[in-house]
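What follows is a short report on a single structure.
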Amino acid sequence: MKPPGPKTQELLKRTGDPIDPYPPIWGIPTVNAEGPWIEDVDGNIYLDFVSGKCVVNLGHRHPEIVAALKAQIDQVILGATENRFILSEKLTQITPGSFNKTVFFGSSGSDSIDGALKLARWTTKRPNILCVAGAYHGQTYGALSVSSTWSWMVRGFYPSAGIFRMPEARLDLQSKPAVECLNGFLCF
Ligand SMILES: Cc1ncc(COP(=O)(O)O)c(C=O)c1O
Numbered sequence: 047m048k049p050p051g052p053k054t055q056e057l058l059k060r061t062g063d064p065i066d067p068y069p070p071i072w073g074i075p076t077v078n079a080e081g082p083w084i085e086d087v088d089g090n091i092y093l094d095f096v097s098g099k100c101v102v103n104l105g106h107r108h109p110e111i112v113a114a115l116k117a118q119i120d121q122v123i124l125g126a127t128e129n130r131f132i133l134s135e136k137l138t139q140i141t142p143g144s145f146n147k148t149v150f151f152g153s154s155g156s157d158s159i160d161g162a163l164k165l166a167r168w169t170t171k172r173p174n175i176l177c178v179a180g181a182y183h184g185q186t187y188g189a190l191s192v193s194s195t196w197s198w199m200v201r202g203f204y205p206s207a208g209i210f211r212m213p214e215a216r217l218d219l220q221s222k223p224a225v226e227c228l229n230g231f232l233c234f
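Dropping the structure here:
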């Protein structure tokens with residue numbers, strides 16, 4: 047049926063789609079997802095060209111990932127799990143360099159952006175951050191401070207001090223401003 051179907055319309059009207067201000071694509075109330083497919087409450091099937099905001103690149107509910115998650119949850123759900131140590135060891139082995147390394151586990155992309163901001167300021171001892179105007183880096187306070195995809199990200203939240211924005215360099219000057227651009231900022 048033509049989306050949005052009746053159940054989707056009723057749900058969005060009732061709840062006011064309070065989830066977040068992302069573009070309408072994220073407003074599809076999904077009840078099932080498998081591989082590249084997602085299904086909404088009306089039974090409509092969509093091909094997910096953006097892999098769930100690029101975070102399910104192996105497909106939705108990849109059986110091996112689901113099995114690993116279930117196995118971990120059945121054992122221990124929080125804390126310094128054995129697997130956490132094993133993964134840290136693996137990461138220190140496969141990343142470049144032979145110096146002593148520290149692994150920081152975050153729970154989201156925004157968390158990693160905050161980590162990168164802290165690391166950049168701490169290492170350079172410089173307070174200012176240069177970021178790209180119109181970029182999207184996430185919704186924690188640090189990530190939000192270097193984002194400006196939507197005006198609300200800048201107005202009202204009073205971004206962290208020392209943030210400077212530069213225009214995005216684009217090859218195609220006719221195209222519309224980017225919704226997202228790669229994570230990149232510079233400390234100076
Ligand atoms: C380019 C980019 N950076 C950072 C983030 C933030 O990741 P998260 O939503 O996991 O905090 C996103 C999320 O959409 C992103 O697209």
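Plus 46 on top of the position in the sequence shown (first one is 1) and you've got our numbering. Just so it is clear, CB atoms sit at the ideal spot from N, CA and C, and this is done for glycine as well.
Exercise. Mind the definition here: the segment 149-164 touches the segment 178-189 only if three or more C-beta pairs lie below 8 Å; say whether that holds.
Key: yes
Quiz item: Three-state secondary structure (DSSP) at Trp83?
Solution: For the purposes of this step, residue 83 is identified with residue 37 of the sequence shown, where counting begins at 1. Strand, per DSSP.
Self-check item: Leu163, enclosing alpha helix (DSSP H) - first and last residue
Solution: Counting from one through the sequence shown, the residue named residue 163 turns up at place 117. From DSSP, the alpha helix (DSSP H) with Leu163 extends over 155-170.
Exercise. Report all residues from its chain with a CB closer than 8 Å to the CB of Ile91; omit the five preceding and five following residues, and keep chain order.
Key: Position 45 of the sequence shown holds residue 91. Closer than 8 Å at the Cβ level, and outside the excluded window around Ile91, lie Trp83, Ile84, Glu85.
Exercise. Quick one: using the 10 Å Cβ neighbour count with 16 as the cut-off for buried, is Met212 buried or exposed?
Key: As a working mapping, residue 212 is identified with position 166 in the sequence shown. Answer is exposed; the Cβ neighbour count stays below 16.
Quiz item: Who pairs with Phe150 in a beta bridge, going by DSSP?
Solution: Within the sequence shown, residue 150 is the residue found at index 104, counting from 1. In the DSSP output, where bridge partners are listed per residue, Phe150 has none listed.
Practice problem: Consider the C-beta atom of His108 and the heavy atoms of ligand 1; say whether any pair is separated by less than 6 Å. | Solution: Within the sequence shown, residue 108 is the residue found at index 62, counting from 1. No, Cβ of His108 sits at least 6 Å from all heavy atoms of ligand 1.
Self-check item: Near ligand 1: Ser206 beta-carbon under 6 Å from a heavy atom
Solution: On the sequence shown, position 160 is the one that residue 206 refers to. Because no heavy atom of ligand 1 lies under 6 Å away, the Cβ of Ser206 does not count as near it: no.
Quiz item: With respect to 6 Å, is the separation between the Cβ of Gly155 and the closest non-hydrogen atom of ligand 2 below this value?
Solution: The model on display carries ligand 1 but not ligand 2.
Quiz item: Using the beta-carbon count (16 or more within 10 Å), is Val101 buried or exposed?
Solution: Along the sequence shown, read from residue 1 onward, the residue named residue 101 stands at position 55. Val101 comes out exposed.
Quiz item: Can you give the Cα-Cα distance for Gly143 and Ser134, rounded to whole angstroms?
Solution: As a first step, residue 143 is located in the sequence shown; it is residue number 97 there, counting from the start. As a first step, residue 134 is located in the sequence shown; it is residue number 88 there, counting from the start. Looking at the two C-alpha atoms, the distance is approximately 15 Å.
Quiz item: According to DSSP, which residues form a beta bridge with Asn78?
Solution: Locating residue 78 in the sequence shown gives position 32, where the first residue counts as 1. Glu85.
Quiz item: Can you find a heavy atom of ligand 1 that lies under 6 Å from the Cβ of Gly73?
Solution: Start at 1 with the first residue of the sequence shown, and residue 73 comes out as number 27. Checking the Cβ of Gly73 against ligand 1 gives no.
Practice problem: Answer yes or no: the CB of Lys99 versus the heavy atoms of ligand 1, is any distance below 6 Å? | Solution: Residue mapping note: residue 99 aligns to position 53 of the sequence shown, counting from 1. It does: the Cβ of Lys99 is within 6 Å (strictly closer) of some heavy atom of ligand 1.
Quiz item: Span of the beta strand (DSSP E) holding Ile175?
Solution: Counting from one through the sequence shown, the residue named residue 175 turns up at place 129. Counting along the chain, the beta strand (DSSP E) containing Ile175 begins and ends at 175-178.
Quiz item: Leaving out five residues before and five after Phe203 in sequence, what residues of the same chain have Cβ atoms less than 7 Å from its Cβ?
Solution: As a working mapping, residue 203 is identified with position 157 in the sequence shown. The residues are Leu190.
Practice problem: Tell me, please, which residues DSSP counts as bridged to Arg211. | Solution: Within the sequence shown, the letter at position 165 stands for residue 211. Beta-bridge pairing links Arg211 to Cys177.
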